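If you read the protein sequences in the order shown, they are chains A, E and W.
If you read the first sequence in the working numbering, its first letter stands for residue 5, the second for the next number, and so on.
If you read the second sequence in the working numbering, its first letter stands for residue 694, the second for the next number, and so on.
If you read the third sequence in the working numbering, its first letter stands for residue 610, the second for the next number, and so on.
Some notes on the structure that comes next.
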Amino acid sequence: MGKILLASRLAARDLRHRPAQAVLLLLAITAAMTVLTLGLALHGVTSQPYQQTRAATNGPDVVAQLPVLHQPGRQPQPPPQATALIHAPGVTGHSGPYPLVGALVRAGKLTAGAEAEGRQESPAAVDQPKLTAGTWVRPGGVVLERTFAEALGVGVGDRITLNGRPFTVAGTAVTAANPPYPNLCYSSGGGCSAGPQDASATDVGLLWLTEPDADSLATPANPVASYILNLKLGNPATAQAFANRYGNSNNPAAPSLASWQGIAAADGLLVTDEQQVLSPGAWLAGLLALATVAVLAGGRMAERTRRVGLLKAVGGTPGLVTVVLLAENLVVALVAAAAALAVGWLAAPLITSPGAALVGTPGAPSLTPSIAGLVVTVALAVALAASLVPAIRAARTSTVGALANAARTPPRRAALIAISARLPVPLLLGLRLVARRPRRALLSAASTAVTATGIVAVLAFHATAGQERFGGSSGLRNPVAIRDEQMLFVLTAVLLALAVLNAIVTTWATVLDARQSSALARALGATPRQLTVGVSAAQLLPALPGALLGIPLGIGLFAAANGAGIVTIPPASWLLAAVLGTLVAMAGLTTIPARIGARRSVAEILQSETA
Amino acid sequence: MQQEVVLALLAKEPSHGYQLRARLRQALGPLGDAMNDGQVYVTLTRLEKAGLVASEQAAGLPDRPDRKMYALTAAGQQRVAGWLAEVSWPRPDLAEFHLKLIAAAAAGLADPIAIVDAQRRELLRRLRDAQRAAMAEPDRSAAGLLLEGIVLRLQADLRWLEACERNWTGPRSES
Amino acid sequence: MSATGNAPVLRARGLRKHYGKGETLVRAVDGVDLDVADGETVAVMGPSGCGKSTLLHLLGGLDRPTDGEAWLAGRRLDQMGERGLAQMRRSAVGFVFQAFHLMDELTAAENVELPALLAGRSPRAARQRALIMLEQVGLADRATFLPSALSGGQRQRVAIARALVSDPLVVLADEPTGNLDSQATLEVLRLFDSLHAGGHTLVIVTHDSRIAATADRLISMRDGAFVDETRLTGGTTGNFGALAELEG
Numbered sequence: 005m006g007k008i009l010l011a012s013r014l015a016a017r018d019l020r021h022r023p024a025q026a027v028l029l030l031l032a033i034t035a036a037m038t039v040l041t042l043g044l045a046l047h048g049v050t051s052q053p054y055q056q057t058r059a060a061t062n063g064p065d066v067v068a069q070l071p072v073l074h075q076p077g078r079q080p081q082p083p084p085q086a087t088a089l090i091h092a093p094g095v096t097g098h099s100g101p102y103p104l105v106g107a108l109v110r111a112g113k114l115t116a117g118a119e120a121e122g123r124q125e126s127p128a129a130v131d132q133p134k135l136t137a138g139t140w141v142r143p144g145g146v147v148l149e150r151t152f153a154e155a156l157g158v159g160v161g162d163r164i165t166l167n168g169r170p171f172t173v174a175g176t177a178v179t180a181a182n183p184p185y186p187n188l189c190y191s192s193g194g195g196c197s198a199g200p201q202d203a204s205a206t207d208v209g210l211l212w213l214t215e216p217d218a219d220s221l222a223t224p225a226n227p228v229a230s231y232i233l234n235l236k237l238g239n240p241a242t243a244q245a246f247a248n249r250y251g252n253s254n255n256p257a258a259p260s261l262a263s264w265q266g267i268a269a270a271d272g273l274l275v276t277d278e279q280q281v282l283s284p285g286a287w288l289a290g291l292l293a294l295a296t297v298a299v300l301a302g303g304r305m306a307e308r309t310r311r312v313g314l315l316k317a318v319g320g321t322p323g324l325v326t327v328v329l330l331a332e333n334l335v336v337a338l339v340a341a342a343a344a345l346a347v348g349w350l351a352a353p354l355i356t357s358p359g360a361a362l363v364g365t366p367g368a369p370s371l372t373p374s375i376a377g378l379v380v381t382v383a384l385a386v387a388l389a390a391s392l393v394p395a396i397r398a399a400r401t402s403t404v405g406a407l408a409n410a411a412r413t414p415p416r417r418a419a420l421i422a423i424s425a426r427l428p429v430p431l432l433l434g435l436r437l438v439a440r441r442p443r444r445a446l447l448s449a450a451s452t453a454v455t456a457t458g459i460v461a462v463l464a465f466h467a468t469a470g471q472e473r474f475g476g477s478s479g480l481r482n483p484v485a486i487r488d489e490q491m492l493f494v495l496t497a498v499l500l501a502l503a504v505l506n507a508i509v510t511t512w513a514t515v516l517d518a519r520q521s522s523a524l525a526r527a528l529g530a531t532p533r534q535l536t537v538g539v540s541a542a543q544l545l546p547a548l549p550g551a552l553l554g555i556p557l558g559i560g561l562f563a564a565a566n567g568a569g570i571v572t573i574p575p576a577s578w579l580l581a582a583v584l585g586t587l588v589a590m591a592g593l594t595t596i597p598a599r600i601g602a603r604r605s606v607a608e609i610l611q612s613e614t615a
Numbered sequence: 694m695q696q697e698v699v700l701a702l703l704a705k706e707p708s709h710g711y712q713l714r715a716r717l718r719q720a721l722g723p724l725g726d727a728m729n730d731g732q733v734y735v736t737l738t739r740l741e742k743a744g745l746v747a748s749e750q751a752a753g754l755p756d757r758p759d760r761k762m763y764a765l766t767a768a769g770q771q772r773v774a775g776w777l778a779e780v781s782w783p784r785p786d787l788a789e790f791h792l793k794l795i796a797a798a799a800a801g802l803a804d805p806i807a808i809v810d811a812q813r814r815e816l817l818r819r820l821r822d823a824q825r826a827a828m829a830e831p832d833r834s835a836a837g838l839l840l841e842g843i844v845l846r847l848q849a850d851l852r853w854l855e856a857c858e859r860n861w862t863g864p865r866s867e868s
Numbered sequence: 610m611s612a613t614g615n616a617p618v619l620r621a622r623g624l625r626k627h628y629g630k631g632e633t634l635v636r637a638v639d640g641v642d643l644d645v646a647d648g649e650t651v652a653v654m655g656p657s658g659c660g661k662s663t664l665l666h667l668l669g670g671l672d673r674p675t676d677g678e679a680w681l682a683g684r685r686l687d688q689m690g691e692r693g694l695a696q697m698r699r700s701a702v703g704f705v706f707q708a709f710h711l712m713d714e715l716t717a718a719e720n721v722e723l724p725a726l727l728a729g730r731s732p733r734a735a736r737q738r739a740l741i742m743l744e745q746v747g748l749a750d751r752a753t754f755l756p757s758a759l760s761g762g763q764r765q766r767v768a769i770a771r772a773l774v775s776d777p778l779v780v781l782a783d784e785p786t787g788n789l790d791s792q793a794t795l796e797v798l799r800l801f802d803s804l805h806a807g808g809h810t811l812v813i814v815t816h817d818s819r820i821a822a823t824a825d826r827l828i829s830m831r832d833g834a835f836v837d838e839t840r841l842t843g844g845t846t847g848n849f850g851a852l853a854e855l856e857g
């Protein structure tokens, strides 16, 4: 017991002694864990919101799209299959059939195709869309599906035209009977039959209006396209089997049925897309955070080895030493995990509200105890790994060795030294600094590569998405793309923040390591500015190949994430700007710690570091 | 026993023979135990003969050196002053120098620090010359080795003088 | 205020360096006046903690005084910026440290040429100069050795060569034999002696009286101030026989 107390006191003292290092470690682990939390939270979002919408709207188990029975001289009518379906075994309830008319919506400058579903003003038994704003349909008043309304940029009270006729937007609503815009046509067995000629079939939205209004929209040139029949089954799990039995989407004369599972899948496409963006981004962010942690853990290794030697010299067993090292990092990791979970809890709703089409935001429920447990475990594992190397070292070095030989003699690279002698003074200093710590240089290059990869991937996304503006005539943006972009923006922000942290940490570690030789260089006549530039150069020299490597890696990453899609390589000017921007930002960031280091009193440093 | 030391001990005030002996012992510490008691009295007798001290016999006490009262004569005082000002050459005898400092401080006749500094200066000059001579010798010459010995001893003396200086700079210990 | 024709190379008036304040105030250097003439060797001795190293750092521009003035070759040190001080350190002042402070991964020649490179000389000129200096300290054959392959005395001699490479106006040595055994001390001693004979100006801080004995002037320092000054030039009358106890 006494040992544990002692270990914790030693660990606490160490943490107090070096708050900056602890804080940086905390930030790095927190960032990594936040990304992990968000990723897991998103993973946890399956069809939850869909279920919520289904419950709130009394969503159908099967949606049947029925062909129109055209009888010369009479009004279009639903076919006899409707009755057959209503009375089919297993069906416990229905609503409809509702007429579906193709409509060209014009709202302001935007035009889009839409399916207009005629409804009754009184609530339906099955699939009564839940209003998110405004009121239900009334003569002259239409209700738009929420995502569609967002894409068009209209709200309650706005005036739009359908096929040229003026209407008012009475409200917006969500439904479980169809996937939200723009995936309306993606549900298997469903598909869009309507749509006026001058809009592409994929770019179709959904709106509801009164049946008389729907009929008024129908013209001989654009008649009622189909009828929608919503069915409720006694056993919802058999919906897909039901749809298979009674539906046939290949025969236009036969009804095509969609089960709620199929609709849910189509709805989930939006979430899957998000995951496609979030996953690689999360990996990148995770890598960067790990690199930062590695630098922090590896930095000041010599000093840590010496501290370990001291502990052993005063009688600490290797076990005690290990425990102390572990304790420091574990505390930091636990705090980081807690912080990450908190941030994740706050930020998850922003990311996991899929397409704004479904009712309810996951919020707190998405952060299950299992996610929390996993995050904490990973954080602890990271802390363990970070303490492992010094601990192993401590066990292996003899006490005397640890105390006396605290600093490894830096390797000698005769070629680099000879080359550096020919360079101007700042580069001379910088190159020699790099040569002293080749592993750190490698790590720095890797970190820059990761950052550049992320930036280039984002650029590739923009370049590709720019080509993919569908519904070109309507000018609408694909909300999937909007959501993806939002997510990318968040990820890029996180990535950049991590990159900044990494750069600061690496520079700080470099400056600290180089304290002695920098002080000596100053004692021999190097000006502070020469040193500052030198340290910056030491950072940039490995960063340059890393940044360049990021270009092909970033494009590759985007291609992998995009699946089979076409990848547009971003223009050279963008790439150049990205690389230069990364390097310039790095140079700027490294200047600050370098300057601080270069201004300290030389005598102080040299005196304090004499053996 | 150096005569000058005994003289200096009388410089402050006259004292009995046994008192002198006690003060010597105290000043010398453990080394004082090895001192031959009679030695002091022999020295005192010699000094009396030389006219540097005068003795008085207290009435009613036997005519023995330890019971007699001794005091400095004028000649004796002169001798003491000269002795304090003089720098030992070639090297200070450890005990003598030590007692010199104590006596000087007790009698208030001279500043011990000044005595130390003067001695130091002299030794440094010697050291310089000896070092020069040692370095002028070719490597591994026998004479060079001897000179090296001289240099090292001088250096040791100098170290001790530095310690004396430090000691006498602080609050004085009553002797 | 030197009476001789030459202005002093190094000069200080009322130099002070304080650390902390109030109860924790430490007066490392407390009002020092100093004049060092061209070609003179001055030794500063004192107990540890007396501030002699701090004084040397102030004179070499490695630290800034709290108060007082310092001149090097007529230029005010305490008013120079970091840049000016750095330039001065690379051309006018050579510093020798107790811990040598050689770069472990550079050879002797590469170590010695460093100040010259920092001053902007061409690599070839710097290397040439370095080799000349190494010759002067008697280590020309060790130019390609790493410090780990050199003895303590040799390392310090390399450090001295480094201090000399830019032909400085004054060489400041801080306990140069502090980390050396007597044999190595002898090597360094000879070197200082030859430097002195060669007309260099040296200020040496030491508590080794052997080193101090090579100086023209010896200053004793205590508690941040000078307390004594001795001129050592001028020989003594005696022979050494008595010292070796050959007589008496």
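We put the CB at the ideal spot given by N, CA and C, even for glycine.
All figures in this text were calculated on a predicted structure; none of them were measured in a lab.
DSSP, reduced to helix, strand and coil, places A/Val109 within a strand of the structure shown. Within chain W, the residues whose beta carbon sits less than 9 Å from that of E/Val844 are Arg819 and Ala822, listed in sequence order. According to DSSP, residue pairing for W/Met830 in a beta bridge involves W/Phe835. Here the alpha carbons of A/Val39 and A/Pro84 stand approximately 55 Å from one another. Using a CB distance cut-off of 8 Å, E/Asp804 does not count as an interface residue toward chain W. Along the segment 78–106 of chain A, the alpha helix (DSSP H) occurs as fully enclosed runs of 4 or more residues at 84–90, listed in sequence order. In terms of beta-carbon proximity, W/His666 lines the interface with chain A, with at least one pair separated by less than 8 Å. For W/Thr839, the chain E residues whose Cβ falls inside 7 Å of its Cβ are Arg814 and Leu817, in order along the chain. Contact annotation: W/Arg826 and W/Val651 have beta-carbon atoms nearer than 8 Å.
Using beta-carbon distances, W/Phe754 does not count as an interface residue toward chain A, since no partner is under 8 Å. A direct Cα-Cα distance of roughly 18 Å separates W/Ala717 from A/Gly529. Distance from the CA atom of E/Leu820 to the CA atom of W/His816, rounded to whole angstroms, is 14 Å. The three-state reading of DSSP puts A/Tyr250 in helix, counting H, G and I together. Note on geometry: alpha-carbon atoms of A/Leu108 and A/Pro216 lie some 18 Å from one another. Between the alpha carbons of E/Ala764 and E/Ala743 lies a distance of about 13 Å. Fully contained in the segment 683–732 of chain W are the following alpha helix (DSSP H) runs of length 4 or more, in chain order: 691–700 and 717–727. Among the bridge pairs identified by DSSP, A/Glu121 is matched with A/Leu104 and A/Trp212. Closer than 7 Å at the C-beta level to chain A, one finds these residues of the segment 647–675 of chain W: His666, Leu671 and Asp672. Secondary structure of A/Gly159 (DSSP, three-state): coil. Annotation for W/Leu800: Val746, Arg766 and Ile769 place their beta carbon closer than 7 Å to its own, counting only its chain and skipping 5 residues before and after.
Taking 8 Å as the cut-off, the beta carbon of A/Leu70 is found closer than this to the beta carbon of A/Pro259.
Counting the other CB atoms within 10 Å of its CB gives A/Lys113 a total below 16, which places it among the exposed residues.
Annotated as proximal: A/Val297 and A/Ile33, with beta-carbon spacing under 8 Å. For A/Ile421, at least one C-beta of chain W is nearer than 8 Å to its own C-beta. Within 10 angstroms of the beta-carbon of A/Ala422 lie fewer than 16 other beta-carbons, which makes it exposed. Taken through DSSP and simplified to helix, strand or coil, A/Gln69 comes out as strand.
Here E/Gly769 carries a helix assignment [DSSP, helix/strand/coil]. E/Glu779 is classed as exposed because its beta carbon has fewer than 16 other beta carbons within 10 Å across all chains shown. For the C-beta of W/Leu827, the chain E residues within less than 7 Å are, from N- to C-terminus, Leu817.
Put simply, the CB of E/Leu851 is near chain W, with a gap under 8 Å to one of its CB atoms. Against chain E, the CB of W/Asp802 has a partner CB under 8 Å away; the residue lies at that interface. Within the same chain, Cβ atoms closer than 7 Å to the Cβ of W/Leu789 are found at Gly761, Gly762, Gln765 and Val797, the five residues on either side in sequence being excluded. In terms of Cβ geometry, A/Asp65 and A/Ser99 do not form a close pair [threshold 8 Å].
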